[in-house]
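J.:
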Amino acid sequence: MLLNAKLLRLAFLLILLTPIYSLAQVTQVPQGTLVGDSVINFTSVASTLDPGTNYDSIISVTGASFGERFAGQTVSNAGDFDVLSGTPTAPLTLQAGAAGQNLTIWNGNGSNDIVGIGYLGYPNASALGEGCIAVLFDQDQSEVGFDDTGTNGGYWTITFYRRNGTLISSITSGGFGAHGFRRDNDIKDIAGFTITNTDPYGESFTNFRYGQSGLIKSVQLDVIDSAIDDNPNAGGGKRIFPDKQSPSDTVNRKRVRVTVTTNLGSNQTVYLKSFDLDDPSSNIGPIDTNDLNGPAGDDNRGAPKPGVLSLVNKSGTTNTISAKTDRDGKVQVDFTVTMQPGDNFAVAASEDQTYLNALAVNGINLRDGVGNNLPSRKAKSSPMLTVWRRLHMEVDSMGLVSGNSVAGLITDVVPEPTLNTTDLTVNQALEVNRFEHGSITAGGVRYEVVSNTADIVTIAGLSAPTTGTAFTLVDDDDFNNNDGAVPDGDNGEDVAALAQTFSRMQDSDSPTENVYAPAYIRPVYDGGGSTTNNNSNVAFELNSPDISTATLNQINSGRTSGSNESDSFWVAYVQIGYQPETVEDSDPDVEDATGAYTPRYINGTTDDVTSSAGVTRGSDGSLLFIETMRDRVRYPPTSIIDTIAAPHEVGHQFGLKGDAPGFGIMFNSSEPPVFVDKHLNMLRWRVKSPGQP
Amino acid sequence: MKIFLNLIIVLTLVVLPSGSRLSLAQQRESAQEAQNFSNLTFEISSTKDEFLPLEPIPLVLVLSNATTKPVSGHKALDFSQNYVELFVDRFDGSPSKIEIKNPLAKLVEVGAKVYKPGEAYSSKQLITTGLSDVLSKPGEYRLQAVVHGANWYEEVKSNFLTVRIVEPKGADKQALDYLKGKAKVSELFAGFDLSEDQTALAALEGLVNSFGNTAYGNYASYRLGEFYFYRKDYTKANGHFGKLAGRADFIFADKAKQYIEKMKKVSAVPGENP
């Protein structure tokens, strides 16, 4: 009975009770040895003197919540005391007791204490303190503690559980005052615990402590000159873009500051080591070729693979370093990453150099010499840090459409009553069936074109112009789909990218919005270094010749970002054109559709590389044919060429060959619009800006 | 072993006969009724059967419907469209694939052409070889082409074409020795842009100047003519194409004529883009 507790408390004050039962997974330790400094003392929770403030629901405070039991457990009673049985279900979830049988917060002891209520119910004095208490932490812990403020010589049993509901161990002990518990090997997997008791007058508790054990408290990565944010790709952790932020940027963007927080006090030596973690994006070649026996590190593509540690604002040469703690027990050093996209790292710190040197990569974690993953009592690790690269895009477009019509004279008119059509013979050479779905205007009247041969235009109906009438023919070209029922051949309209043109290579981390995201590359539409580079008025070509010199001429007539390119500033160039050669412009609809040209350098593309040296030069730029792609996606409507062309051609600029089945987006619409592993591997090996020798 | 091929121009169209009135709807309906792509016939031939080492080998590819029913097909016979593969062997039954190196990468989706009975489509292409390619060594070879259907997984194999590579003599031998001394010899005739490759440009100029009448000279002139045409140096372009337009034995004589016609239009309309 809690109300009588004060009378007996002093009698038991100095009793030191050793644990009666333990499973040796959690060890009871003096609370003063706990490193964790987070404390829950319920000062933010309303409380009263006897019998305390009743709470029928879960009590949530910073870091943890309190209830009666975990889901999956049942409460019965033995005498006035609650008894827990059953196994918690996953994930570990708090449950409140029945109304009046859950918890109170009581301040009759000079502090705000939590009190479990037994089955007799609030405010029955024989219930207060006899009930069970369950605690669920927001994050897994490796050490916990509390102050027993209500003992009368009895015992309590604390039972620890993992997040999945499995039992870690149970300890029965007792005694007024502070108690501490540390997970063996400093494993951080205590998600929660329950407390039951058999104290004659019930129990109350406060000052619940929790945290992670060890002298090294944390290893943190901080910004120097490049932002650090969350890595959206496999494995999570942090991300850095180490490349130049502008073409003239001279700042070293490859460094991050490593801050180690310790409990060591000042002027103590801390040892640090950086590691090349496993590539979590794949466990097979060609992306990750060394995982035959399980995920292994040492698979970064840049050099040196584990990066370089150095003193603050100094240069370094290796992946190890030591430094003295400052007056706050902190150490700071600099870490320099490589430049290859997808390279990933971690930095570990320990006060024990021998222990640190025994650390090894275990997937995207580090483990110590006896096989335990960090964090451990002797070492902590930074979050994984992954390199991403930017691809700066200059996007130009041709100017106004012109010349997309044929004019001449009608030299003969032959009605075809049985077909309800009329044949108009013309004095101009025509591409067969180019003008299907188009129109012919003669004598101020527009007629719908059904088909055409080299010199005959067949129009719908029997109403027709007369022989000798001048005509103008336009086909169904309508790149921006704004013509409605009256095709005008886009004449006078400005060629421009459409919403779908770059829809699969957006400035985004989502693989569906940016097919380069799995290669750890993110496009930036900044004109390749300056938005003034973007030119929307490049000379218009109705049909661009499929000759490399001609294509390069057209590209170079717009491209102005070439001089911005460097190994640290990647630039790609796309010019929105109109149509390719007439024999491949999808006019008529059944004709082949070529969506883009990219001029190659000699030996400019390949599909298989095992090093940066094998990556081919690629190309300087690409021409996309916006109108032909629009024709193609209308027939057949299954084509997605208008969404894959830009990333496909930029892939060629990166040196990817493809153009055959099995290469995903580097083939055509018939395959999933993603880069295959061979090409992701090649993108990640690349050092040079696309097209650079 | 590598043999470098170059895209060339589709020269011959045998598509819809003049006066055909097939509407798009009719064509689509016809496509639905058509037989599979594998029912087409694929044939390859060349302009001659003896070539010198490194001399480009012209190929004429013909895809036709020899059946009595419509057949689904396409017209993507240009090497740059990636639907044709080439194989070579020395009559030993172990063909090797010829790597086609195109100066221009294209994103191609083939059209759904229905070949009516008796209908054919042809294309002229060029094989260019390098010193390390199998076709650069004297001997007798068999060439075979495979054209893939729109879905790629259907295919039609061509006949075998026998070609002989023979040792050059006289001026041809001198020209070959000249070529062997040049870098990137395998790409000289392949149509890669010469703007940034002054070495290749000089090599072609030297070949035309010193060995213009050899088996290699015409191809060098054609490449230079094309290069200068698109660099808008019409005087030089006209000089090269002018030598080729009247050559009945040169496979791209008609194309050279077309370039000359375009240049005439340019000179007739100042500022006009050909």
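Chains G and U, in that order, are what the protein sequence lines are. To convert, note that position 106 of the first sequence is 106 in our numbering; the numbers rise steadily by one, no gaps. Each position in the second sequence, counted from 1, maps to that position plus 1000 in our numbering. Yeah, the Cβ is synthetic: ideal placement off N, Cα and C, and Gly gets one too. Treat the numbers as computed from the prediction; the structure is a model and nothing was measured.
#1: May I ask you to report which of helix, strand or coil DSSP gives Pro295(G)?
#2: Please look up how many angstroms separate the CB atoms of Leu1126(U) and Pro1056(U), rounded, as I've assumed it's under 8 Å.
#3: Could you give the residue range of the alpha helix (DSSP H) that holds Met384(G)?
#4: Can you tell me which of Thr262(G), Gln25(G), Gly100(G) puts its alpha carbon nearest to the alpha carbon of Val219(G)?
#5: Residues in its own chain within less than 7 Å of Asn77(G) by CB, not counting five upstream and five downstream?
#6: Below 8 Å on the Cβ atoms is my contact criterion, and I expect Arg1286(U) with Thr1128(U) to pass it. Report the Cβ-Cβ distance as a whole number of Å.
#7: Taking all protein chains shown into account, do 16 or more other C-beta atoms lie within 10 angstroms of the C-beta of Ser246(G), making it buried, or fewer, making it exposed?
#8: Can you tell me whether DSSP reads Leu13(G) as helix, strand or coil?
#9: If contacts are defined as beta-carbon pairs under 8 Å, then Gly72(G) and Pro88(G) qualify, I think. What distance do you get, rounded to the angstrom?
#10: When the cut-off is 8 Å and only beta carbons count, does Leu1104(U) lie next to chain G?
#11: With a threshold of 8 Å between beta-carbons, can Gly461(G) be considered close to chain U, or not?
#12: Which one of Ser397(G), Val457(G), Ala379(G), Ser405(G) has the shortest CA to CA distance from Thr411(G)?
#13: Residues in its own chain within less than 8 Å of Gly265(G) by CB, not counting five upstream and five downstream?
#14: With a threshold of 8 Å between beta carbons, is Leu1022(U) in contact with chain G?
#15: So Pro599(G) contacts chain U; which residues on that side make the cut at Cβ distance below 9 Å?
#16: Give the DSSP bridge partners of Met505(G), in chain order.
#17: So the beta strand (DSSP E) Trp570(G) belongs to, where does it begin and stop?
#18: Would Pro375(G) pass as an interface residue toward chain U - the criterion being a Cβ-Cβ separation below 8 Å?
#19: Quick one: Cα of Tyr355(G) to Cα of Asn267(G), how far?
#20: From the DSSP output, read off the bridge partner residues of Val193(G).
#21: Given that His652(G) touches chain U, what residues does it touch there, using C-beta distances under 7 Å?
#22: Quick check: is the beta carbon of Thr501(G) nearer than 8 Å to any beta carbon in chain U?
#23: How would you label Leu1207(U), buried or exposed, when you count the other beta carbons within 10 angstroms and need 16 or more for buried?
#24: May I have a chain-ordered list of the beta strand (DSSP E) segments no shorter than 3 residues that lie completely inside the region 1134-1191 of chain U?
#25: So what does DSSP say about Ala660(G), is it helix, strand or coil?
#26: Kindly indicate the opening and closing residues of the alpha helix (DSSP H) around Ser1210(U).
#27: Answer with buried or exposed for Arg1164(U), where buried requires no fewer than 16 other C-beta atoms within 10 angstroms of its C-beta.
#28: Count the other CB atoms, across all protein chains shown, that sit within 10 Å of the CB of Leu1054(U); report buried if there are 16 or more and exposed otherwise.
#29: Where does Ser1023(U) fall in DSSP's three states?
#30: Less than 7 Å between C-beta atoms, sequence neighbours within five positions excluded: which residues of the same chain meet that for Asp138(G)?
#31: Beta-carbon separation of Ser1132(U) and Leu1061(U) under 8 Å?
#32: Between the beta-carbon of Leu498(G) and the beta-carbon of Ile641(G), is there less than 8 Å?
#33: I need the DSSP call for Tyr635(G), collapsed to helix, strand or coil.
#34: Tell me which same chain residues have a C-beta within less than 6 Å of the C-beta of Gln353(G), skipping the five on either side of it?
#35: Indicate whether Met505(G) and Ala296(G) have their beta-carbon atoms separated by less than 8 Å.
#36: Using a Cβ cut-off of 8 Å (strictly closer), state whether Glu1109(U) contacts chain G.
T.: Walking through what the data contain:
#1: Coil.
#2: 5 Å
#3: Met384(G) -> no alpha helix (DSSP H), and no H or E assigned at all.
#4: Here the closest residue by C-alpha is Thr262(G).
#5: Val83, Gly118, Tyr119
#6: As displayed, chain U neither begins before 1001 nor continues past 1274, which places residue 1286(U) out of reach and without an answer.
#7: exposed
#8: In this prediction, Leu13(G) scores a pLDDT of 37, lower than 50, which makes its location untrustworthy; no coordinate-derived value is stated.
#9: 5 Å
#10: yes
#11: no
#12: Here the closest residue by C-alpha is Val457(G).
#13: Thr325, Gly329
#14: Bear in mind that a pLDDT of 42 at Leu1022(U), under 50, signals an unreliable position, so the model cannot answer this.
#15: Pro1103, Leu1104, Ala1105, Phe1192, Asp1193
#16: Asn514(G)
#17: 570-577
#18: no
#19: 20 Å
#20: It should be pointed out that residue 193(G) corresponds to Phe in this sequence rather than to Val. According to DSSP, Phe193(G) bridges with Val135(G), Phe160(G).
#21: Ala1105
#22: no
#23: buried
#24: With a minimum length of 3 residues, the continuous beta strand (DSSP E) runs that stay inside the region 1134-1191 of chain U are 1139-1148, 1155-1157, 1161-1165.
#25: Look at Ala660(G) here: in three-state DSSP terms it is coil, with no helix or strand label.
#26: Segment 1198-1211, the alpha helix (DSSP H) holding Ser1210(U).
#27: exposed
#28: Classification of Leu1054(U): buried, given that the 10 Å Cβ count is 16 or more.
#29: Reliability fails at Ser1023(U), whose pLDDT of 45 lies under 50, so the model's placement of it is uncertain and the value that follows must be treated cautiously. Here Ser1023(U) sits in coil by DSSP.
#30: Gly63, Ala64
#31: Not a contact, by the Cβ cut-off of 8 Å.
#32: no
#33: coil
#34: Tyr271
#35: Not in contact: Met505(G) and Ala296(G) (Cβ atoms no closer than 8 Å).
#36: yes
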